[in-house]
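Heads up, the sequence shown is in this note's numbering, so the first residue is 179 and it goes up one at a time.
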Amino acid sequence: MQTVQSERLPILENLPIAIASDHGGFTLKSLILEELMRLGRTSVDLGVFSSERADYPDQAKLLAEAILSGDSKMGVLICGTGIGMSITANRYKGIRAALCHDEYTARMSRQHNDANVLVLGGRVLGVETALGILNVWLSTGFEGGRHIERLNKIERLL
Ligand code: RB5
């Protein structure tokens with residue numbers, strides 16, 4: 179069973195941030211990739227690579243597998259609302275995907291939930307809001323403490 183630990187492993191911080199979207203998140207994905215580059219963060223784009231209609235579970239699956247395999251430590255998923263990506267990604271044990279609509283939920287999802295996937299709604303958020311959420315999410319750490327056992331209780335489910 180995978181358990182959550184409060185210690186951070188510095189070497190993992192250098193792993194690329196995985197990012198994926200469906201057509202509903204395609205435009206925002208491009209802007210997020212530019213922002214990651216501006217921040218000097220490496221990323222790996224898992225598609226989609228055009229605005230043609232696509233099924234969000236396919237990209238959520240690729241990203242969840244990239245994180246669970248250890249190729250990436252953190253990821254960003256974007257669909258129209260963020261809901262389909264959240265539902266799919268959270269089917270994977272060890273994935274803690276947080277659909278965030280503002281900087282407060284982004285901060286809490288890292289401090290309290292140690293979210294390893296940020297989910298955004300490309301048809302819901304303005305660009306400035308989305309980039310603000312991204313920056314807060316990437317720069318906020320897990321608090322550990324009382325939250326560790328709560329996360330371990332999630333891991334022990336089914
Ligand atoms: C696609 O039209 C849309 O359903 C998808 O992007 C997402 O919002 C699903 O949750």
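Glycine included, each C-beta is placed from N, C-alpha and C at the ideal position.
Computed from a predicted model, the values in this text were never measured in an experiment.
*Report the partner residues of residue 257 according to the DSSP bridge assignment.*
Position 79 of the sequence shown, counting from 1, holds the residue named residue 257. Per DSSP, 299.
*Three-state class that DSSP yields for residue 232 in the structure shown*: If you number the sequence shown from 1, residue 232 lands on position 54. If DSSP states are grouped into helix, strand and coil, residue 232 belongs with coil.
*Name the DSSP beta bridge partners of residue 223, please?*
Translated into the one-based positions of the sequence shown, residue 223 becomes position 45. DSSP, once it has assigned bridges, lists 197 as partnering residue 223.
*asked:* Would residue 202 and residue 301 qualify as a contact pair, given that the criterion is a beta-carbon distance under 7 Å?
replied: For this step, residue 202 is matched to residue 24 along the sequence shown. For this step, residue 301 is matched to residue 123 along the sequence shown. Yes, the Cβ-Cβ distance between residue 202 and residue 301 is below 7 Å.
_8 Å Cβ shell around residue 211 - same chain, five flanking residues per side excluded_ = Numbered from 1 along the sequence shown, position 33 holds the residue referred to as residue 211. Answer for residue 211: 197, 221, 223, listed in chain order.
*Bridge partner(s) assigned by DSSP for residue 276*: As a position in the sequence shown, residue 276 is number 98, starting the count at 1. Partner(s): 296.
*Could you check what DSSP says for residue 282 in three-state terms: helix, strand or coil?*
Position 104 of the sequence shown holds residue 282. Residue state, collapsed to three classes: helix.
*Residue closest to residue 308, alpha-carbon to alpha-carbon, out of 193, 200, 192, 205*: In the sequence shown, the residue the question calls residue 308 occupies position 130. Nearest option by C-alpha distance: 205.
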